[in-house]
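Okay, structure first, notes after.
Protein chains: 4
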Amino acid sequence: PDVQLSRDTRNIPIGKVGVKDISYPIVVMDKNRSFQSTVARINMYVDLPHHFKGTHMSRFVEILNTYREKIALDKMETILAKMKEKLGASSAHLEMEFPYFIEKTAPVSGAKSLMEYTCTFSATLSDHFDFVLGVKVPVTSLCPCSRELSAYGAHNQRSIMTVQVRYNEFLWIEDLIECIEACGSSPVYSLLKREDEKFVTERAYENPRFVEDMVRDATVRLLAMDNISWFSVEAENFESIHKHSAYAAIERSKNI
Amino acid sequence: PDVQLSRDTRNIPIGKVGVKDISYPIVVMDKNRSFQSTVARINMYVDLPHHFKGTHMSRFVEILNTYREKIALDKMETILAKMKEKLGASSAHLEMEFPYFIEKTAPVSGAKSLMEYTCTFSATLSDHFDFVLGVKVPVTSLCPCSRELSAYGAHNQRSIMTVQVRYNEFLWIEDLIECIEACGSSPVYSLLKREDEKFVTERAYENPRFVEDMVRDATVRLLAMDNISWFSVEAENFESIHKHSAYAAIERSKNI
Amino acid sequence: PDVQLSRDTRNIPIGKVGVKDISYPIVVMDKNRSFQSTVARINMYVDLPHHFKGTHMSRFVEILNTYREKIALDKMETILAKMKEKLGASSAHLEMEFPYFIEKTAPVSGAKSLMEYTCTFSATLSDHFDFVLGVKVPVTSLCPCSRELSAYGAHNQRSIMTVQVRYNEFLWIEDLIECIEACGSSPVYSLLKREDEKFVTERAYENPRFVEDMVRDATVRLLAMDNISWFSVEAENFESIHKHSAYAAIERSKNI
Amino acid sequence: PDVQLSRDTRNIPIGKVGVKDISYPIVVMDKNRSFQSTVARINMYVDLPHHFKGTHMSRFVEILNTYREKIALDKMETILAKMKEKLGASSAHLEMEFPYFIEKTAPVSGAKSLMEYTCTFSATLSDHFDFVLGVKVPVTSLCPCSRELSAYGAHNQRSIMTVQVRYNEFLWIEDLIECIEACGSSPVYSLLKREDEKFVTERAYENPRFVEDMVRDATVRLLAMDNISWFSVEAENFESIHKHSAYAAIERSKNI
Numbered sequence: 017p018d019v020q021l022s023r024d025t026r027n028i029p030i031g032k033v034g035v036k037d038i039s040y041p042i043v044v045m046d047k048n049r050s051f052q053s054t055v056a057r058i059n060m061y062v063d064l065p066h067h068f069k070g071t072h073m074s075r076f077v078e079i080l081n082t083y084r085e086k087i088a089l090d091k092m093e094t095i096l097a098k099m100k101e102k103l104g105a106s107s108a109h110l111e112m113e114f115p116y117f118i119e120k121t122a123p124v125s126g127a128k129s130l131m132e133y134t135c136t137f138s139a140t141l142s143d144h145f146d147f148v149l150g151v152k153v154p155v156t157s158l159c160p161c162s163r164e165l166s167a168y169g170a171h172n173q174r175s176i177m178t179v180q181v182r183y184n185e186f187l188w189i190e191d192l193i194e195c196i197e198a199c200g201s202s203p204v205y206s207l208l209k210r211e212d213e214k215f216v217t218e219r220a221y222e223n224p225r226f227v228e229d230m231v232r233d234a235t236v237r238l239l240a241m242d243n244i245s246w247f248s249v250e251a252e253n254f255e256s257i258h259k260h261s262a263y264a265a266i267e268r269s270k271n272i
Numbered sequence: 017p018d019v020q021l022s023r024d025t026r027n028i029p030i031g032k033v034g035v036k037d038i039s040y041p042i043v044v045m046d047k048n049r050s051f052q053s054t055v056a057r058i059n060m061y062v063d064l065p066h067h068f069k070g071t072h073m074s075r076f077v078e079i080l081n082t083y084r085e086k087i088a089l090d091k092m093e094t095i096l097a098k099m100k101e102k103l104g105a106s107s108a109h110l111e112m113e114f115p116y117f118i119e120k121t122a123p124v125s126g127a128k129s130l131m132e133y134t135c136t137f138s139a140t141l142s143d144h145f146d147f148v149l150g151v152k153v154p155v156t157s158l159c160p161c162s163r164e165l166s167a168y169g170a171h172n173q174r175s176i177m178t179v180q181v182r183y184n185e186f187l188w189i190e191d192l193i194e195c196i197e198a199c200g201s202s203p204v205y206s207l208l209k210r211e212d213e214k215f216v217t218e219r220a221y222e223n224p225r226f227v228e229d230m231v232r233d234a235t236v237r238l239l240a241m242d243n244i245s246w247f248s249v250e251a252e253n254f255e256s257i258h259k260h261s262a263y264a265a266i267e268r269s270k271n272i
Numbered sequence: 017p018d019v020q021l022s023r024d025t026r027n028i029p030i031g032k033v034g035v036k037d038i039s040y041p042i043v044v045m046d047k048n049r050s051f052q053s054t055v056a057r058i059n060m061y062v063d064l065p066h067h068f069k070g071t072h073m074s075r076f077v078e079i080l081n082t083y084r085e086k087i088a089l090d091k092m093e094t095i096l097a098k099m100k101e102k103l104g105a106s107s108a109h110l111e112m113e114f115p116y117f118i119e120k121t122a123p124v125s126g127a128k129s130l131m132e133y134t135c136t137f138s139a140t141l142s143d144h145f146d147f148v149l150g151v152k153v154p155v156t157s158l159c160p161c162s163r164e165l166s167a168y169g170a171h172n173q174r175s176i177m178t179v180q181v182r183y184n185e186f187l188w189i190e191d192l193i194e195c196i197e198a199c200g201s202s203p204v205y206s207l208l209k210r211e212d213e214k215f216v217t218e219r220a221y222e223n224p225r226f227v228e229d230m231v232r233d234a235t236v237r238l239l240a241m242d243n244i245s246w247f248s249v250e251a252e253n254f255e256s257i258h259k260h261s262a263y264a265a266i267e268r269s270k271n272i
Numbered sequence: 017p018d019v020q021l022s023r024d025t026r027n028i029p030i031g032k033v034g035v036k037d038i039s040y041p042i043v044v045m046d047k048n049r050s051f052q053s054t055v056a057r058i059n060m061y062v063d064l065p066h067h068f069k070g071t072h073m074s075r076f077v078e079i080l081n082t083y084r085e086k087i088a089l090d091k092m093e094t095i096l097a098k099m100k101e102k103l104g105a106s107s108a109h110l111e112m113e114f115p116y117f118i119e120k121t122a123p124v125s126g127a128k129s130l131m132e133y134t135c136t137f138s139a140t141l142s143d144h145f146d147f148v149l150g151v152k153v154p155v156t157s158l159c160p161c162s163r164e165l166s167a168y169g170a171h172n173q174r175s176i177m178t179v180q181v182r183y184n185e186f187l188w189i190e191d192l193i194e195c196i197e198a199c200g201s202s203p204v205y206s207l208l209k210r211e212d213e214k215f216v217t218e219r220a221y222e223n224p225r226f227v228e229d230m231v232r233d234a235t236v237r238l239l240a241m242d243n244i245s246w247f248s249v250e251a252e253n254f255e256s257i258h259k260h261s262a263y264a265a266i267e268r269s270k271n272i
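Chains as they are written, first to last, in our numbering: chain A, 17 to 272; chain B, 17 to 272; chain C, 17 to 272; chain D, 17 to 272.
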């Protein structure tokens with residue numbers, strides 16, 4: 017007797033049911049090296065009609081296994097279609113979070129190093145396919161008010177900008193990161209030599225940015241990217257003079 | 017010169033700007049002991065019109081200080097009104113997460129102990145006041161399929177049910193927790209004696225519940241509570257036979 | 017039949033066995049307000065002789081309940097003695113981590129606000145009583161190298177200094193925090209007005225500190241406190257120009 | 017002027033100074049597939065003599081870059097030697113934490129799936145080389161007391177066993193995991209079909225284990241592995257009938 021297939025009489029459909037927090041190796045397309053191996057934390061859900069008692073949890077993992085080492089961006093829709101088929105569902109959801117590495121070049125010395133960005137894929141297939149690409153981008157922010165008030169110096173700190181976008185044509189994660197890194201007082205790096213540290217310090221001092229400026233600059237840039245149809249952008253400054261954060265967020269839909 | 021008040025020309029209003037992750041002692045009304053002291057993690061945001069360069073971050077903290085030791089549920093709307101006034105905003109948001117303790121009685125021995133539930137308040141004041149009460153409720157879940165298949169035993173595990181509600185009249189956190197705790201295979205406790213452990217083990221075996229059953233049972237109960245106008249309920253089972261979770265979620269608006 | 021009391025034949029004593037991650041309201045002595053209510057995450061362990069199969073987990077929670085609302089610093093040894101007695105153990109361990117609030121005064125405006133510090137108690141009673149007090153202290157750090165190299169500005173960031181001490185006479189958490197806050201480029205605050213922000217920015221610029229300086233300055237100060245017999249101090253800078261941290265640590269036993 | 021090389025007069029050597037929480041892609045040897053790509057969180061520290069003001073933080077990252085895609089287990093000592101050389105230190109520390117995947121076979125159906133284990137490398141080079149291998153192994157635990165007391169069923173839950181070992185000859189992570197997985201009531205899996213779920217449920221019921229049993233069984237097994245010279249083992253049960261954990265720990269040095 018398949019308990020999951022038995023009839024449920026409560027008359028309540030379920031919006032999302034599935035597996036959560038599976039860790040899995042994946043391969044992601046990479047603008048410079050063609051692809052990179054990383055490790056994702058994955059959630060997979062489908063809807064469940066009111067008359068079925070339960071879904072079949074093991075099938076989600078079987079689908080992951082089928083696409084093992086091919087769980088790249090261009091397979092999202094295929095995987096979701098397989099989920100709908102194997103689980104008899106009308107909608108399917110696939111969420112992934114993973115570290116993604118980009119080689120960055122220090123601004124003066126040209127020293128190269130890898131920096132990690134946390135990326136998210138959030139995909140849904142019901143009648144149509146919906147995909148949201150997200151990335152967390154660390155930047156330096158230097159406070160305009162502190163600079164204006166003070167005889168010398170200005171408080172600055174690490175900030176995390178979180179951007180999520182819907183887009184029409186293909187979009188490289190690298191290009192989205194580059195767009196957002198330009199919105200702080202300076203990008204951050206894994207490796208800086210003395211001449212770079214001087215450059216980055218002075219650049220940040222020359223480009224003071226409130227948390228408000230950062231999300232506004234991002235908005236200007238994201239509005240200018242024709243390929244993007246919707247976005248949300250957040251900035252969180254881990255204030256060097258406080259124990260709490262400063263925060264700002266903007267969300268926009270472009271009616272293209 | 018007040019940098020924040022200077023004119024911004026990008027023509028971009030900001031949806032939310034403010035302070036995030038402030039830790040603060042608060043007092044919450046308690047059904048049995050009149051009130052309890054706890055510690056909250058707090059976010060406070062307002063909107064910012066397009067023409068102002070920045071908000072005044074220190075005013076958020078000043079408002080918290082004004083209501084120090086009185087930051088209870090019945091002060092949410094007052095605090096939000098003060099935020100709108102002091103920051104010249106048209107909308108204000110206040111989010112709080114805190115541990116809340118309830119004295120529970122073991123089912124057979126009657127032994128009493130405190131158990132912690134993580135609660136959230138999420139309040140917004142724009143033209144009208146919106147308030148969402150949330151609570152995370154740990155329960156035991158025992159798998160119906162495992163019980164059906166096996167000659168003896170059944171896998172079970174700790175689950176967390178997360179419920180969020182909008183309501184019309186006052187609602188005790190205790191009553192919401194009681195509603196949700198009834199939806200697993202058994203409630204959990206901080207203190208169980210031998211006779212209680214026997215009782216809880218047998219009760220869970222007698223009440224097998226899929227993650228799907230848990231959110232459906234919660235839906236039936238929340239639909240029956242006239243006071244509640246909207247809810248979302250999630251269940252996550254930290255599966256004892258897997259390293260990942262089973263998950264289900266339902267959201268419903270009641271058109272009252 | 018009490019399974020826990022049955023004889024174990026593997027001949028293996030257990031160093032620590034008990035309950036972990038219990039959340040519980042506690043009361044802590046406070047230098048300025050006499051006491052404060054907060055919420056702790058608590059671990060309680062005892063040793064187990066080789067011949068017993070198991071300990072009695074429910075007794076740990078019963079002991080917590082007995083001392084409810086009196087789980088203060090001066091009760092540590094009493095609670096540990098009760099643990100040894102009730103569980104027939106030769107050693108007992110009690111670990112607590114909790115947020116602790118201090119009212120700070122802004123350096124120019126005199127504005128007052130609460131700031132949270134994460135504190136830890138780590139107590140053991142075997143033949144003798146051992147107690148380690150710990151506290152995490154956020155400070156600002158401003159990089160001496162960046163200041164030296166740059167025409168203007170200097171990168172700075174939030175840092176967390178973690179100190180743990182053993183001491184002879186009573187020691188206020190407040191005094192330990194004050195000692196450590198003096199070791200960064202500036203203390204941090206919850207509430208700063210414009211005149212305070214100017215002061216804090218300039219003070220940090222005048223007091224550049226490497227992560228190495230911070231743990232050395234703390235070492236000088238802790239060595240000078242006769243009451244302290246052992247300490248460890250760590251500093252972690254959440255670098256504003258990197259995604260990773262700079263870190264330094266020193267541990268010292270004073271042979272008094 | 018190299019600020020870091022300037023003379024420090026406080027006369028305080030520093031035990032550990034360096035970089036913390038760098039995320040980096042690494043390659044680890046794999047018993048079945050020769051190697052696997054994963055992502056590590058890395059800390060790198062050296063000691064600093066009393067007369068130097070600071071270490072050179074960028075050199076740590078340069079060393080990581082040099083060994084990029086070759087940061088495997090057999091390179092630990094080489095990397096540490098390079099750290100000592102490049103930083104003029106007498107001791108060097110390298111800590112890494114990363115997800116590691118093993119293909120597991122379901123016990124009845126033979127279905128294969130990947131499961132993740134969190135591994136740690138902790139290596140030090142001073143006069144001699146010291147290496148500690150660690151791994152977190154999830155298992156099922158079923159309570160002997162609950163089974164004994166109850167007419168039917170027994171509470172069970174996911175547990176995490178954390179083992180750390182020093183060893184003489186090479187040791188496969190896979191073999192250490194296999195040793196520890198045998199100590200719970202049952203191993204856990206990513207993919208179980210119906211016949212497997214029956215098998216695992218019944219096997220757990222047939223093998224009840226207290227948290228005390230788990231660390232004792234691990235101790236018996238680790239003592240029997242001649243290659244291992246020191247170990248610590250912890251078990252934490254995320255109790256299905258409580259909100260807190262049961263915990264036990266044993267540490268042993270073998271005087272070989």
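Glycine included, each C-beta is placed from N, C-alpha and C at the ideal position.
Note that the structure is a prediction, hence the values are computed from the model and not measured.
Taking only beta carbons into account, state which residues of the stretch 194-205 of chain A come closer than 8 Å to chain C, listed in chain order. 202, 204, 205
Below 9 Å on C-beta distance, what does residue 211 (chain C) contact in chain B? For this step, residue 211 (chain C) is matched to residue 195 along the third sequence. In chain order: nothing, as chain B lies at least about 11 Å away.
May I have the straight-line CA-CA distance separating residue 98 (chain A) from residue 241 (chain B), to the nearest angstrom? As a position in the first sequence, residue 98 (chain A) is number 82, starting the count at 1. As a position in the second sequence, residue 241 (chain B) is number 225, starting the count at 1. Distance between the alpha carbons of residue 98 (chain A) and residue 241 (chain B): 39 Å.
Of all Cβ atoms in chain C, is any one closer than 8 Å to the Cβ of residue 53 (chain B)? Numbered from 1 along the second sequence, position 37 holds the residue referred to as residue 53 (chain B). For residue 53 (chain B), the answer is yes, since a Cβ of chain C falls inside 8 Å of its Cβ.
For residue 121 (chain D), does the count of other Cβ atoms within 10 angstroms reach 16, so buried, or fall short, so exposed? The sequence position of residue 121 (chain D) within the fourth sequence is 105, counting from 1. So residue 121 (chain D) counts as exposed.
As an exercise, report each continuous alpha helix (DSSP H) stretch of at least 4 residues that is fully enclosed by the stretch 120-178 of chain C, in chain order. 160-165
Return helix, strand or coil for residue 184 (chain A), following the three-state DSSP convention. Counting from one through the first sequence, the residue named residue 184 (chain A) turns up at place 168. It is coil, neither helix nor strand.
At a Cβ threshold of 8 Å, is residue 145 (chain B) touching chain D? Locating residue 145 (chain B) in the second sequence gives position 129, counting from the first residue. Residue 145 (chain B) does not count as touching chain D.
Give a yes or no on whether 8 Å exceeds the smallest Cβ distance from residue 260 (chain B) to chain A. For the purposes of this step, residue 260 (chain B) is taken as the residue at position 244 of the second sequence. Chain A contact via Cβ: present.
Please list the partners that residue 132 (chain B) has in chain C, where partner means a Cβ-to-Cβ separation under 7 Å. Translated into positions along the second sequence, residue 132 (chain B) becomes position 116. Under the 7 Å cutoff, chain C gives 39.
Can you name, in chain order, every residue of its own chain whose Cβ lies under 8 Å from the Cβ of residue 78 (chain C), other than the five neighbours on each side? Along the third sequence, one-based indexing puts residue 78 (chain C) at 62. Cβ neighbours of residue 78 (chain C) beyond the five flanking positions: 102.
Measuring only the C-alpha atoms, how far is residue 155 (chain D) from residue 260 (chain B)? If you number the fourth sequence from 1, residue 155 (chain D) lands on position 139. If you number the second sequence from 1, residue 260 (chain B) lands on position 244. Their Cα atoms are separated by approximately 12 Å.
Residue 207 (chain B) versus chain C: which residues are under 8 Å apart at the beta carbon? One-based indexing of the second sequence puts residue 207 (chain B) at position 191. Those are 74, 77, 78, 81, listed as they occur along chain C.
By DSSP's criteria, residue 75 (chain D) is part of a beta bridge. Which residues make up the other side? Taking the fourth sequence and counting its residues from 1, one reaches residue 75 (chain D) at position 59. Per DSSP, none; premise fails for residue 75 (chain D).
How many angstroms separate the CA atom of residue 142 (chain B) from the CA atom of residue 196 (chain A)? Within the second sequence, the letter at position 126 stands for residue 142 (chain B). Within the first sequence, the letter at position 180 stands for residue 196 (chain A). Distance between the alpha carbons of residue 142 (chain B) and residue 196 (chain A): 30 Å.
Give the list of continuous alpha helix (DSSP H) stretches no shorter than 4 residues that lie fully inside the stretch 207-253 of chain C. 210-222, 227-240
Interface flag, residue 36 (chain C) vs chain D, CB-CB below 8 Å: Locating residue 36 (chain C) in the third sequence gives position 20, counting from the first residue. So yes, residue 36 (chain C) belongs to the interface.
Distance, residue 183 (chain D) Cα to residue 181 (chain A) Cα: Stepping through the first sequence from its first residue, residue 181 (chain A) is reached at position 165. Stepping through the fourth sequence from its first residue, residue 183 (chain D) is reached at position 167. Approximately 49 Å, taken between the alpha carbons.
Spatial neighbours of residue 237 (chain A) in its chain, beta-carbon cut-off 6 Å, leaving aside the 5 residues before and after: Numbered from 1 along the first sequence, position 221 holds the residue referred to as residue 237 (chain A). Correct list, in chain order: 195.
Just to confirm, are residue 136 (chain D) and residue 250 (chain D) a CB contact at a threshold of 8 Å? Along the fourth sequence, read from residue 1 onward, the residue named residue 136 (chain D) stands at position 120. Along the fourth sequence, read from residue 1 onward, the residue named residue 250 (chain D) stands at position 234. Taking 8 Å as the Cβ cut-off, residue 136 (chain D) and residue 250 (chain D) do not qualify as a contacting pair.
Does the beta-carbon distance from residue 256 (chain C) to residue 173 (chain C) come in below 8 Å? Position 240 of the third sequence, counted from the first residue, corresponds to residue 256 (chain C). Position 157 of the third sequence, counted from the first residue, corresponds to residue 173 (chain C). A contact, by the Cβ cut-off of 8 Å.
Contact criterion: CB-CB distance below 8 Å. Does residue 126 (chain D) meet it with respect to chain B? Along the fourth sequence, read from residue 1 onward, the residue named residue 126 (chain D) stands at position 110. With 8 Å as the cut-off, residue 126 (chain D) does not count as an interface residue toward chain B.
Taking 8 Å as the CB-CB limit, is residue 251 (chain D) close to chain B? Residue numbering aside, residue 251 (chain D) sits at position 235 when the fourth sequence is read from its first letter. So no, residue 251 (chain D) is outside the interface.
Please confirm whether residue 129 (chain C) has its beta-carbon closer than 8 Å to some beta-carbon of chain B. As a first step, residue 129 (chain C) must be located in the third sequence, where it is residue number 113. Yes, because at least one Cβ of chain B sits closer than 8 Å to the Cβ of residue 129 (chain C).
Counting beta carbon pairs with one atom in the stretch 24-32 of chain C and one in the stretch 65-81 of chain C, are three or more of them shorter than 8 Å? yes
Is it a yes or a no for the stretch 80-93 of chain B touching the stretch 119-133 of chain B, going by three-plus beta-carbon pairs under 8 Å? no
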